[in-house]
Each structure stands twice: as C-alpha cells, then as structure tokens.
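Asks: Just passing along the structure, written as structure tokens.
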Amino acid sequence: MMGVVMSLLSVVLPSYNEEQNVPNTVRVLSDCLTEAGIDHELIFISDGSRDNTYQEIQKAARENPRVKGVEFSRNFGKEASIFAGLQIASGDAVVVMDCDLQHPPEVILQMWKLWQEGYEVVEGIKSSRGKESLAHKLSAGLFYRVISGLIKMDMNASSDFKLLDRKVVDVLTALPERNTFFRALSFWVGFRTASVKYEVQERKFGTSKWSAWSLMKYAVRNVTSFSTLPLQMVTVMGVVSILFSVALAIQTMVRFLSGTAVEGFTTVILLVLIIGGFIMISLGIIGHYIARIYEEVKGRPKFIISKATDNIKGNVTGDWHGI
Ligand code: UDP
Ligand code: MG
2 MMGVVMSLLS VVLPSYNEEQ NVPNTVRVLS DCLTEAGIDH ELIFISDGSR
52 DNTYQEIQKA ARENPRVKGV EFSRNFGKEA SIFAGLQIAS GDAVVVMDCD
102 LQHPPEVILQ MWKLWQEGYE VVEGIKSSRG KESLAHKLSA GLFYRVISGL
152 IKMDMNASSD FKLLDRKVVD VLTALPERNT FFRALSFWVG FRTASVKYEV
202 QERKFGTSKW SAWSLMKYAV RNVTSFSTLP LQMVTVMGVV SILFSVALAI
252 QTMVRFLSGT AVEGFTTVIL LVLIIGGFIM ISLGIIGHYI ARIYEEVKGR
302 PKFIISKATD NIKGNVTGDW HGI
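Take the sequence shown: its letter number 323 is residue 324 in our numbering, and every next letter is one higher.
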C-alpha cells in the first residue's frame, strides 16, 4: 500500500436512550466495515440520554479506539445530534445513520462505492417505510406531500441516512442557521448526487422516540424553517375574503336600497366568526415565522456538549461546555 493514502469514513450515529443498541451497533458496523477494508471511525452522539447510552459509548471507546462519542447537556433533538456529529467527523466521507440499525449497514458499502466513483452526496431512499402504524403512515405521507410541494423537491422516500463528501460536510457545518432540516438541506446544497434504495429494518432494541405530537412539531418547524409559502397563503386568504366581502357588500346594498335589509343578523355572526378565524390563523402563521426569526437572532448554539470521550476531547471548537 506504499504511497496510497487510505480514505477515512466517519459514521455519525445520533443516539437517544439507546443503551441496548450501542454495543450491538458498534459490533455490527465494525465487522461490516473492517471486512470491506474501509478505514473508519464511529461517532456516537448521545442526545442527553437518560439511560446508560453514554457509558456504553465510553466502554466501546475504551475497547476500540475507532469509537468516539459525546454527551449533550440535555436532549437537543436528532437534528442537533446530526450536526454535532458532522462537526466532529474528520473523515473524507461521512455517513449519517440511525443507531438502531433500521438503516442496513450493507448499504454503507454501496454508498462508499458511489463516493469512490465521484458522487458527493449519496441519498438513502426508503423502498418501503417499514412497519408503522396507519396513523403514522398517513401523517408522514401528508407531511412529505406538503413539504415536497413547498420546497419543490421530492422528499417522500428520503431519510436522514446518507453519505456526504468532506466538501459537503464543510458547507453544511458552515451554515449559520440554527433551525436546520438535514434531510432537505442535502438536496438544497446540490453537488453530484446519487441515491441508493434500502429496506427499512425493524428496530433491534427499544422503541421509537417519536410521538404524534413530536412529529407535528417537527413538521411545523421544518415547513416554517424551509419555506415562506405559508406566509403567502395569508395574502391569498386576504384576497379571498376581500372578493367575498365585495360580493356581500353589493348584495347588502341592493337589499338596503330595495328596502328588504332587516334580517342580517345571522350573516353578521357568520362573517365575524369566519373573518376572526382567518385573522387568528394568519397571526398564528406569522407567529411561527417570528419565532424562527427570534431563535435565529438569539444565535444560541444548536447543542451543548457536556462530556466527550478522550479520543476527541478538545478537537472541536464551539459549543463545548463543562469539559
Ligand atoms: N434520536 C436522537 N434524538 C432524539 C430522538 C431520536 O438522537 O431526540 C435518534 C435515535 O436514537 C435514533 C434516531 O434518532 O438513532 C432515529 O430515532 P427513532 O429510531 O426513534 O425514530 P424512527 O426510526 O422511529 O423514525
Ligand atoms: Mg428508528
């Protein structure tokens, strides 16, 4: 191997309460990547876990120096974990995947091959959504339909499972914004893109962290941080009510002039309610955008790291506290 510099692959694994998955995932991934002859590092981000996830990461790191990890000071969410991982990763290519092995490790090898062929972003595309409740399927379907329309990209089968070239990682970690939507940002940045299909596997241990409420919040946050279309809908609603009121004004005048304008009470109540509803929805939509602006302006860090394994301590700047 004289003169050949081996490329390094970083695998970023957001982990929230995954104490059972960590040791198993380390084993499966190291076996798979070692066998394929890929030099690698496994970066676990414990997202303020309340179980022994971080202890498991430390244990794995002591046994295998390719395993690295940090602990957040509290739960900051998967987006924050992904971005922390991207900052820490030093690989020439970085794969982001769930640590519950729902993203099959063999797919990394296909992604790696495409990267070697010169692709800079390799998207993992779900060929089926795995086992989900009907309600989850329907709401996720609706969310992706809406968001695909809003950002004008087909997001339906996309996931956070993807490989990014070093260039792309540097672009993403340099983005100044706080409200990120990783899944769509990798489309937004462009670059030479390929995709691989994969079957979503069953979770090995533990349970999914998403409740219907958290999915809702995730959907609203992502739509408002990625698109201004809802704001334009407020204008459309205004135009519709103006057209409606012109028609009604004409009718009212005609009635008044013809002397039959006595019983208008029902109409008044309905109008007040409908217009009141429009105004409140509009204020709500604007409010969501103001909230996003407020968060961006405050400029707080996306995450706070409270602990890190020895092999990465001090190697990352910013957002480090208490170490
Ligand atoms: N996760 C995280 N922070 C959170 C929620 C989830 O880092 O606040 C991680 C979780 O440990 C897992 C991945 O994100 O590795 C996907 O989460 P999960 O498996 O619960 O979601 P699902 O696969 O059901 O969509
Ligand atoms: Mg999962």
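C-beta atoms are modelled at their ideal positions from N, C-alpha and C, and glycine is treated no differently.
1) Going by beta carbon distance, what residues of the same chain come within less than 6 Å of S8, once the five residues before and after it are set aside?
2) For the alpha helix (DSSP H) containing P231, name the first residue and the last one.
3) Counting contacts by CB-CB distance shorter than 8 Å, is V255 in contact with chain B?
4) Going by DSSP in three states, H104 sits in which element: helix, strand or coil?
5) Are the CB atoms of R67 and L102 nearer to each other than 8 Å?
6) Hey, how far is the Cα of D1 from the Cα of R184?
7) So, A213 versus A141, is the Cβ gap smaller than 8 Å?
8) By how many angstroms is the C-alpha of C100 removed from the C-alpha of K127?
9) With a threshold of 8 Å, are at least 3 pairs of Cβ atoms found where one atom belongs to the segment 28-37 and the other to the segment 103-116?
10) Can you tell me the Cα-Cα spacing of L244 and I276, whole angstroms?
11) Hey, quick one: how far does the alpha helix (DSSP H) through K299 stretch, first residue to last?
12) Give the single residue among S226, S246, V123 and V190 whose Cα lies nearest to the Cα of V95.
13) CB of R184 to nearest heavy atom of ligand 4: below 7 Å?
14) Could you check where the beta strand (DSSP E) with I39 kicks off and where it finishes?
15) Report the three-state DSSP secondary structure of K79 (helix, strand or coil).
16) At the level of alpha carbons, what is the spacing between W189 and T181?
17) Would you check if the distance between the CB atom of R179 and the CB atom of E20 is smaller than 8 Å?
18) Kindly examine ligand 1 and report whether one of its heavy atoms sits closer than 7 Å to the Cβ of N312.
19) Am I right that H104 and Y219 are in contact with their C-beta atoms under 8 Å? What's the rounded C-beta distance?
20) At what residues does the beta strand (DSSP E) containing K163 begin and finish?
21) Can you tell me which residues form a DSSP beta bridge with T225?
Replies: On the basis of the coordinates in this document:
1) As a first step, residue 8 must be located in the sequence shown, where it is residue number 7. Here the set comprises D93.
2) Sequence index remark: in the sequence shown, residue 231 carries index 230 (1-based). Where P231 is concerned, the enclosing alpha helix (DSSP H) stretches over L230 to L258.
3) Annotation note: the requested chain B is absent from the structure, which comprises a single protein chain.
4) Sequence index remark: in the sequence shown, residue 104 carries index 103 (1-based). Three-state DSSP puts H104 in coil, outside helix and strand.
5) Within the sequence shown, numbered from 1, the residue matching residue 67 stands at position 66. Within the sequence shown, numbered from 1, the residue matching residue 102 stands at position 101. No, the Cβ-Cβ distance between R67 and L102 is not below 8 Å.
6) Since the first residue shown for the chain is 2 and the last is 324, residue 1 is missing from the structure and cannot be characterised.
7) As a position in the sequence shown, residue 213 is number 212, starting the count at 1. As a position in the sequence shown, residue 141 is number 140, starting the count at 1. No, Cβ-Cβ distance for A213 and A141 is not below 8 Å.
8) Taking the first residue of the sequence shown as 1, we reach residue 127 at position 126. Taking the first residue of the sequence shown as 1, we reach residue 100 at position 99. Here the alpha carbon of K127 sits roughly 17 Å from the alpha carbon of C100.
9) yes
10) Here residue 244 corresponds to residue number 243 of the sequence shown, with the count starting at 1. Here residue 276 corresponds to residue number 275 of the sequence shown, with the count starting at 1. C-alpha separation (whole angstroms): 13 Å.
11) Walking along the sequence shown from the start, residue 299 turns up at place 298. First-last of the alpha helix (DSSP H) with K299: F266 to K299.
12) Within the sequence shown, numbered from 1, the residue matching residue 95 stands at position 94. Per the Cα distances, V123.
13) For the structure depicted, ligand 4 is absent and the ligand set comprises only ligand 1 and ligand 2.
14) Position 38 of the sequence shown holds residue 39. That residue, I39, is in no beta strand (DSSP E); it is neither H nor E in DSSP.
15) Locating residue 79 in the sequence shown gives position 78, where the first residue counts as 1. K79: helix per DSSP, three-state reduction.
16) On the sequence shown, position 188 is the one that residue 189 refers to. On the sequence shown, position 180 is the one that residue 181 refers to. Going from the Cα of W189 to the Cα of T181 covers about 12 Å.
17) The count along the sequence shown starts at 1 and reaches residue 179 at position 178. The count along the sequence shown starts at 1 and reaches residue 20 at position 19. The answer is no: Cβ separation not under 8 Å.
18) For the purposes of this step, residue 312 is taken as residue 311 along the sequence shown, with counting starting at 1. For ligand 1, not one heavy atom lies less than 7 Å from the Cβ of N312.
19) Walking along the sequence shown from the start, residue 104 turns up at place 103. Walking along the sequence shown from the start, residue 219 turns up at place 218. 18 Å between Cβ atoms; not a contact.
20) To locate residue 163, count along the sequence shown from 1; it is residue 162. Counting along the chain, the beta strand (DSSP E) containing K163 begins and ends at S159 to D166.
21) Position 224 of the sequence shown holds residue 225. The partner list for T225 (beta bridge, DSSP) is empty, contrary to what the question assumes.
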